[in-house]
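Enquirer:
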Amino acid sequence: MASGGVLNFNAFSNDPGNQDVYLHSTLEQIRELANKDVEMQAPVSEYTNYLVVDTNVLLHYLEVLQQFVEDIERLGFPTVVIIPGVVIVELDRQKKRDGLGFFARRGSSWLLEKVGQRRSVKGQAYGETLKSTRNWKISEPGEKEVGSEMYNDNLILDCCLFFASSGNQSRQTFLCSADNNLCLQSESQGIHAIVPGHRWSSRDIAVGLYGNYGVDLSEFCRYKESYRNALDTAENRSSMPLEDDDTMMVDAVDEDSEWRPEHPLNLLHEAVIDHFTRLLVELVGRKGGPEVRQNPSPEEEANISRHAPRWRHFSRMSAGECLEYLNGRKGIKPRNPPAERFLLLKTRSHVPYARRGWEWARRDWEVALGNLKETAVAWDDISIPESLIYLQPHMDAAFAVSK
């Protein structure tokens, strides 16, 4: 605990050189999964569309992409989201840049989960390229400015063109990017671009993909405000879409004239719940025994309670169930408020103990996240402490606004 009672998350790692171990490991696992010779769970049909996603979408619009993937899986739309290999490289480069470290880790942990499921998100394999080298990582003779922004844009465009050439006319490939120059390039090559617009949503992506087919898109979710990088610099903002360039932009129809922006602490709290719940599930998956790898019957699943002798499969555990399992096996008794309460999402339906982000005092944030850190350290986990380090400046900024 730092002076004045403020928790210093940087104290979670004594060696600054080790503050990126989890991110590197996660990105390497995504690369390995992308290059495994394993088919997607749902076979790619002649009507499957491909949506190639740029780095800026993962960093600045992750919640929209998450919701879109959830929607297409729920509704059964034949679409595969493609993550170019160079996007994984670019995520690694954002690890310390102006508040983007937390966003890079959020995007990477989500990608690892979704690519591993092999349902609707796929990483680009080395051989999925039109380059004569037959490997997108290997430069062709005469290629210049390797590693530059233009070079990386060309790799993303190559990824688009590869998937566009891999099917028939019923199968289309789209680029989703906030880089207007890259979008103009893709349009010139016959790849339609979807650019994030004002109050962008899952339904807007769906309109860009399926709007010309007369398909009912009403089940795709509309706009929901999410946490944006309060630490953005002018350099970072230059990668965001230009709101006045609407040639390719898909904009939400503003039906809610009474809409008001959410408090930054509420939005940050929702991002914290999403990210650290995923990390806790990963941790139980890595460290848990056979009791969390069984699949109870529907009747047993319905009767599972805090005192039940059986556990859900770790992949279906809530944050509270993960913490109950992990803390119980290490004899950890958290301080108040415990992390399992802090990580409850307050919704319109009543959830006991759940609060919005601004309803928790700063001290509550610090104690709850300190409890989370204690659990992680007890299990030799690095993912949670590393993410907490990069979360701290966002907490500082959000609480500064609330003063």
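Here the UniProt record's numbering is used: the first residue of the sequence shown is 1, the next is one more, and so on.
All residues carry an ideal CB built from backbone N, CA and C; glycine is no exception.
The structure presented is a predicted model; accordingly, all values stated were derived computationally and were not measured.
1. By DSSP's criteria, Leu51 is part of a beta bridge. Which residues make up the other side?
2. Please report the residue range of the beta strand (DSSP E) in which His192 lies.
3. Where does the unbroken alpha helix (DSSP H) through Gly116 begin, and where does it stop?
4. Do His313 and Ser387 have their CB atoms nearer than 8 angstroms?
5. What residue does the alpha helix (DSSP H) around Lys373 start on, and which one ends it?
6. Taking all protein chains shown into account, do 16 or more other C-beta atoms lie within 10 angstroms of the C-beta of Asp37, making it buried, or fewer, making it exposed?
7. Which same chain residues, not among the five before or five after Glu270, have their C-beta less than 8 angstroms away from its C-beta?
8. Can you tell me where the beta strand (DSSP E) holding Lys122 begins and where it ends?
9. If the criterion is Cβ atoms closer than 8 angstroms, does the pair Thr79 and Leu209 meet it?
10. Identify, in the order they occur along the chain, each residue of the same chain with its Cβ nearer than 7 angstroms to the Cβ of Lys114, setting aside the five sequence neighbours on each side.
11. Considering only residues of the stretch 334-358, which uninterrupted beta strand (DSSP E) runs meet the minimum length of 3 residues and lie entirely inside it, listed in chain order?
12. In this structure, how does DSSP classify residue 461 when only helix, strand and coil are distinguished?
13. Quick one, which of Met395, Phe102 and Ser108 has its alpha-carbon nearest Val87's?
14. For the 8 angstroms Cβ check, are there 3 or more pairs between the stretch 329-343 and the stretch 367-374?
15. Give me, in chain order, the residues of the same chain whose beta-carbon lies closer than 6 angstroms to that of Thr129; leave out the 5 immediate sequence neighbours on both sides.
16. Tell me whether His24 is buried or exposed, calling it buried when 16 or more other Cβ atoms sit within 10 Å of its Cβ.
17. Can you tell which of Gly289, Asn295, His263 and Cys322 has the C-alpha that lies nearest to the C-alpha of Thr277?
18. Is the beta carbon of Ile30 sitting closer than 8 angstroms to the one on Leu51?
19. Would you mind working out which of Val207, Phe342 and Pro385 sits nearest Leu279, comparing C-alpha positions?
20. Is it true that the stretch 178-191 meets the stretch 142-156, where meeting means three or more beta-carbon pairs spaced less than 8 angstroms apart?
21. For Leu112, collect the residues of the same chain with a Cβ closer than 6 angstroms to its Cβ; drop the 5 residues on either side in sequence, then sort them by chain order.
22. DSSP three-state label for Pro264, please.
23. Leaving out five residues before and five after Glu143 in sequence, what residues of the same chain have Cβ atoms less than 8 angstroms from its Cβ?
24. Would Trp311 pass as a contact of Glu282 if the rule is Cβ separation under 8 angstroms?
25. Let me know if Val195 comes out buried or exposed under the rule of 16 or more other beta-carbons within 10 Å of its beta-carbon.
26. Please name the residue, chosen from Thr55, Arg106 and Gln67, that lies closest to residue 475 on a Cα-to-Cα basis.
27. Could you tell me the distance, in whole angstroms, from the CA atom of Asn295 to the CA atom of Glu90?
28. Could you tell me which of Leu372, Lys330 and Arg363 sits nearest to Gly320, measuring between CA atoms?
29. Once DSSP output is grouped into helix, strand and coil, what is the label at Pro141?
30. Counting only the same chain and skipping the five closest in sequence on each side, list residues whose C-beta sits under 7 angstroms from that of Leu217.
31. So, Ala34 versus Gln124, is the Cβ gap smaller than 8 angstroms?
32. Could you tell me the distance, in whole angstroms, from the CA atom of Val351 to the CA atom of Glu359?
33. My output table needs one value for Ile332: the three-state DSSP class, helix, strand or coil.
34. Take Ser45 as the anchor and find which of Glu32, Tyr61 and Arg171 has the nearest alpha-carbon.
35. Where does Ser383 sit, in a helix, a strand or coil, going by DSSP?
36. Note down the Cα distance separating Glu39 from Gly116, rounded to an integer number of angstroms.
Expert: With the structure as the only source:
1. Val81 and Phe174
2. His192 to Ile194
3. Leu100 to Gln117
4. no
5. Arg362 to Ala378
6. exposed
7. Ser226, Tyr227, Leu345 and Gly357
8. Val121 to Gly123
9. yes
10. Val69 and Val121
11. none
12. It is not possible to answer for residue 461, since the shown part of the chain is limited to 1 through 403.
13. Ser108
14. yes
15. Trp136, Asp158 and Phe162
16. exposed
17. Cys322
18. no
19. Pro385
20. yes
21. Thr26, Gln29 and Ile30
22. helix
23. Tyr151
24. no
25. buried
26. Summary: the structure shown does not reach residue 475, with the chain confined to residues 1 through 403, and so no result is reported for it.
27. 38 angstroms
28. Leu372
29. coil
30. Arg203, Ala206, Val207 and Tyr210
31. yes
32. 14 angstroms
33. coil
34. Arg171
35. helix
36. 11 angstroms
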